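Notes follow once the structure below has been shown.
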Amino acid sequence: MVSLLFMSNCSGGGGGNDGAPEVSSPTITSFNPISGPVGTLVTITGTNLTGATSIEFHGTTATSFTVVNATQITATVPSGTTTGTITASTPGGTATSSGSFTVTTTPATGSYIADHTVAKDSVLRTIPNAYINTARTTFHVAYNHTSHGTHVSYGVYGLPGFKTGDATKFGVTMNAAAADPTKLDFHDNEIGGTYSDLSTADADWAAWRDQVRAYLDNAANADINVMMWSWCDITGHSVPSYLSSMQTLIDEYGSGGTKIGTGTGKTRTTSVTFIFMTGHAVGDANTGAGNPRDQAKLITDYCTAHGYYCIDYYAIDSHAMDDTYYEDVNDDAVSTTYGGNFYQDWQTVHILGTDWYNNLDSPGGSVSYGQHNTQHITANRKSFAFWWMLARIAGWDGNP
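Per our numbering, the very first residue in the sequence shown carries number 73; after that it's consecutive.
This is the structure:
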């Protein structure tokens, strides 16, 4: 959030209209997010905003805005505007922000959503080695999760044993005291604090943000440059609060963030890329407001609009290897419509070490399905999605 000041018109000198009710001057105290492309929905907070007649972004009038109440307005960033202050005009005067809304360019061509279409070994093998190598040797990942989050971590730990060369190409360490410069530095559930995943964080998003800040502001974690958190069951949780909280952290710790740099108010010099995640499938209750399919769309739409990175658990859970979609699927690929477990069936007729691999509970550890799974394919695919995402963050354009 940004501290802001306001400017208001002054009432005329004595005489005239003494009997007219006084209309209080408006103020703008904050707006969120503080950056985004044209079309971004911005929440403006202040006082005396009732009756607003105009919202402007750096002098360009917003063609779409809604006065929610006396303290809040939502407005869409208009076409043609540039970085600058926001103003709100009401019968009581005009309020102007002291901070600027930064207008970013439209997200780069190509998706940043790691869904079922990229969660395949065939896609993984098309990624140029240079981007995999950059990700493996320069990224320091902090990942917090509970049981369903092991679909990524167990897959990541097993991948080095899949095919010839993978031990080097996808080498990974877990919670190493000192990073191995030849392997991905992966910090698994090391963040600590009250909230272990996004579902529990929904109890108090402000406290969760402080938990993340405490970890990132700790000098011991100064090299962390990628962070991701998974959901348990996403059903019924506040995705808008999640998106707002992630945006706040991006504004603080992302590239050019308010906490990045040296001097007053700066807490670290290394910026952080945040990876969003959708929730796992739950079976017959996937659809409708507040349920996994609809929650996933809110998240992926937001990430697409802003050019943010997202691992789409729901899409991977709900699509078989031939890309057929099963809306009644659970978190283990069991679907009544399909008539069984489509990942288990695929695994049974394919070859270990050629088409799929055993997931492990740690690097070089014991063979283990991702938790809540009875087959290896779910975690295999989420590992492929994870590495695809890292390559995109490393600068790959998505083309072989």
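Ideal placement from N, C-alpha and C gives every residue a C-beta, glycine not left out. Keep in mind that this is a model prediction, so the values were computed, not measured.
Out of curiosity, what's the CA-to-CA distance linking Gly165 and Ala142?
-> In the sequence shown, residue 165 corresponds to position 93, counting from 1. In the sequence shown, residue 142 corresponds to position 70, counting from 1. Straight through space, the alpha carbons of Ala142 and Gly165 are spaced by roughly 14 Å.
Opening and closing residue of the alpha helix (DSSP H) in which His378 lies = Taking the sequence shown and counting its residues from 1, the one referred to as residue 378 is at position 306. DSSP places His378 in the uninterrupted alpha helix (DSSP H) bounded by 364-378.
Hey, is Ser302 close to the ligand GTP, as in C-beta under 7 Å from one of its heavy atoms?
-> The ligand GTP is not part of this structure, which contains no ligands at all.
Name the DSSP bridge partner or partners of Trp301?
-> Position 229 of the sequence shown, counting from 1, holds the residue named residue 301. DSSP, once it has assigned bridges, lists Asn216 as partnering Trp301.
Between the C-alpha atoms of Met299 and Trp418, what's the straight-line distance to the nearest angstrom?
-> As a first step, residue 299 is located in the sequence shown; it is residue number 227 there, counting from the start. As a first step, residue 418 is located in the sequence shown; it is residue number 346 there, counting from the start. Approximately 32 Å, taken between the alpha carbons.
Where does Gln319 land, buried or exposed, given buried means 16+ other C-beta within 10 angstroms?
-> Looking up residue 319 in the sequence shown gives position 247. The residue is buried, with at least 16 neighbouring Cβ atoms inside 10 Å.
Within 10 angstroms of the Cβ of Asn293, are there 16 or more other Cβ atoms? Answer buried if so, exposed if not.
-> Position 221 of the sequence shown, counted from the first residue, corresponds to residue 293. Buried is the label assigned to Asn293, since at least 16 other Cβ atoms lie within 10 Å of its Cβ.
With 16 other Cβ atoms within 10 Å as the buried cut-off, status of Thr138 = Reading the sequence shown from its first residue, position 66 is the one you call residue 138. Classification for Thr138: exposed.
Among the residues of its own chain, which have a CB less than 8 Å from the CB of Asp238, if the five just before and after it don't count?
-> Position 166 of the sequence shown, counted from the start, is the residue given in the question as residue 238. Hits under 8 Å: Leu231, Pro232.
Excluding the five sequence neighbours on either side, which residues of its own chain have a C-beta within less than 6 Å of the C-beta of Pro472, listed in chain order?
-> The sequence position of residue 472 within the sequence shown is 400, counting from 1. The answer, listed in chain order, is Thr198.
Is it buried or exposed for Ala457, if we count other Cβ within 10 angstroms and need 16 for buried?
-> Sequence index remark: in the sequence shown, residue 457 carries index 385 (1-based). It counts as buried.
Would you mind working out which of Ser183, Gly221, His188, Trp428 sits nearest Gly467, comparing C-alpha positions?
-> Here residue 467 is taken as the residue at index 395 of the sequence shown, counted from 1. Cα-wise, what sits closest to Gly467 is Ser183.
Evaluate contact between the region 97-109 and the region 155-170, counting only Cβ atoms and requiring at least three cross-stretch pairs below 8 Å.
-> Here the region 97-109 makes contact with the region 155-170; the two share three or more CB pairs at distances below 8 Å.
Measuring CB to CB, does Gly227 end up less than 8 Å from Lys369?
-> Here the question's residue 227 lines up with position 155 in the sequence shown. Here the question's residue 369 lines up with position 297 in the sequence shown. Taking 8 Å as the Cβ cut-off, Gly227 and Lys369 do not qualify as a contacting pair.
Express the C-alpha separation of Ser343 and Asp282 in angstroms, rounding to a whole number.
-> Along the sequence shown, one-based indexing puts residue 282 at 210. Along the sequence shown, one-based indexing puts residue 343 at 271. Looking at the backbone, the Cα of Asp282 and that of Ser343 are separated by about 17 Å.
Spell out a yes or no on whether the region 303-315 and the region 248-265 are touching, meaning 3 or more CB-CB pairs, one atom from each, closer than 8 Å.
-> Verdict: no, contact absent.
8 Å Cβ shell around Ser268 - same chain, five flanking residues per side excluded | As a first step, residue 268 must be located in the sequence shown, where it is residue number 196. Contacts found: Asn216, His217, Thr218, Asn261.
Do Thr155 and His130 have their CB atoms nearer than 8 Å?
-> Here residue 155 is taken as the residue at index 83 of the sequence shown, counted from 1. Here residue 130 is taken as the residue at index 58 of the sequence shown, counted from 1. Yes. Within cutoff.
Going by the CB atoms, is the gap between Tyr386 and Ala361 shorter than 8 Å?
-> Residue numbering aside, residue 361 sits at position 289 when the sequence shown is read from its first letter. Residue numbering aside, residue 386 sits at position 314 when the sequence shown is read from its first letter. Here Ala361 is not near Tyr386, since their CB atoms are 8 Å or more apart.
Could you tell me the boundaries of the alpha helix (DSSP H) in which Glu128 lies?
-> Start at 1 with the first residue of the sequence shown, and residue 128 comes out as number 56. Element bounds for Glu128: not the alpha helix (DSSP H) but the beta strand (DSSP E), 126-129.
Nearest candidate by alpha-carbon position, reference Val140, set Ser126, Thr133, Ser151, Thr122 | Translated into the one-based positions of the sequence shown, residue 140 becomes position 68. When the alpha-carbon of Val140 is set against those of Ser126, Thr133, Ser151, Thr122, the nearest one is in Thr122.
Starting from the C-beta of Ile296, find all residues in its chain whose C-beta is less than 6 Å away, skip the five residues before and the five after it, and write them out in chain order.
-> Locating residue 296 in the sequence shown gives position 224, counting from the first residue. Leaving aside the five residues that flank Ile296 on each side, the residues in its chain whose CB is nearer than 6 Å to its CB run, in chain order, His212, Ala214.
DSSP three-state assignment for Ile332, whether helix, strand or coil = Against the sequence shown, residue 332 aligns to sequence position 260. Per DSSP, reduced to three states, the secondary structure at Ile332 is strand.
Flag this pair as yes or no: are the beta carbons of Lys338 and Ile347 separated by less than 8 Å?
-> As a working note, residue 338 is residue 266 in the sequence shown. As a working note, residue 347 is residue 275 in the sequence shown. Going by C-beta atoms, Lys338 is not nearer than 8 Å to Ile347.
Roughly how many angstroms lie between the CA atoms of Tyr149 and Gly328, to the nearest whole one?
-> Stepping through the sequence shown from its first residue, residue 149 is reached at position 77. Stepping through the sequence shown from its first residue, residue 328 is reached at position 256. Residue 149 is actually Val in this sequence, not Tyr. Val149 and Gly328: Cα-Cα distance of roughly 20 Å.
What separation, rounded to the nearest whole angstrom, lies between the Cα atoms of Ser172 and Glu128?
-> Working through the sequence shown from its first residue, we reach residue 172 at position 100. Working through the sequence shown from its first residue, we reach residue 128 at position 56. Distance from the CA atom of Ser172 to the CA atom of Glu128, rounded to whole angstroms, is 12 Å.
Where does Tyr158 sit, in a helix, a strand or coil, going by DSSP?
-> Position 86 of the sequence shown holds residue 158. The sequence given here places Ile at residue 158; Tyr does not occur at that position. Taken through DSSP and simplified to helix, strand or coil, Ile158 comes out as strand.
Find out if the Cβ-Cβ distance for the pair Asp274, Ser310 is shorter than 8 Å.
-> The residue you call residue 274 lines up with position 202 of the sequence shown. The residue you call residue 310 lines up with position 238 of the sequence shown. Between Asp274 and Ser310, the CB-CB gap stays under 8 Å.
Per-residue burial, Ala279 [other beta carbons within 10 Å of its own, 16 or more giving buried] = Locating residue 279 in the sequence shown gives position 207, counting from the first residue. Exposure of Ala279 is indicated by the presence of fewer than 16 other C-beta atoms within 10 angstroms of its C-beta.
Thr446 versus Gln416: straight-line alpha-carbon distance, rounded = Taking the sequence shown and counting its residues from 1, the one referred to as residue 446 is at position 374. Taking the sequence shown and counting its residues from 1, the one referred to as residue 416 is at position 344. Rounded to the nearest angstrom, the gap between the Cα atoms of Thr446 and Gln416 is 7 Å.
Thr206 - DSSP class collapsed to helix/strand/coil = Along the sequence shown, one-based indexing puts residue 206 at 134. DSSP places Thr206 in helix when its eight states are reduced to three.
If His448 and Asn431 are in contact, beta carbons under 8 Å, what's the gap, nearest whole angstrom?
-> Taking the first residue of the sequence shown as 1, we reach residue 448 at position 376. Taking the first residue of the sequence shown as 1, we reach residue 431 at position 359. In this structure, His448 and Asn431 form a Cβ contact; the two beta carbons are roughly 5 Å apart against a cut-off of 8 Å.
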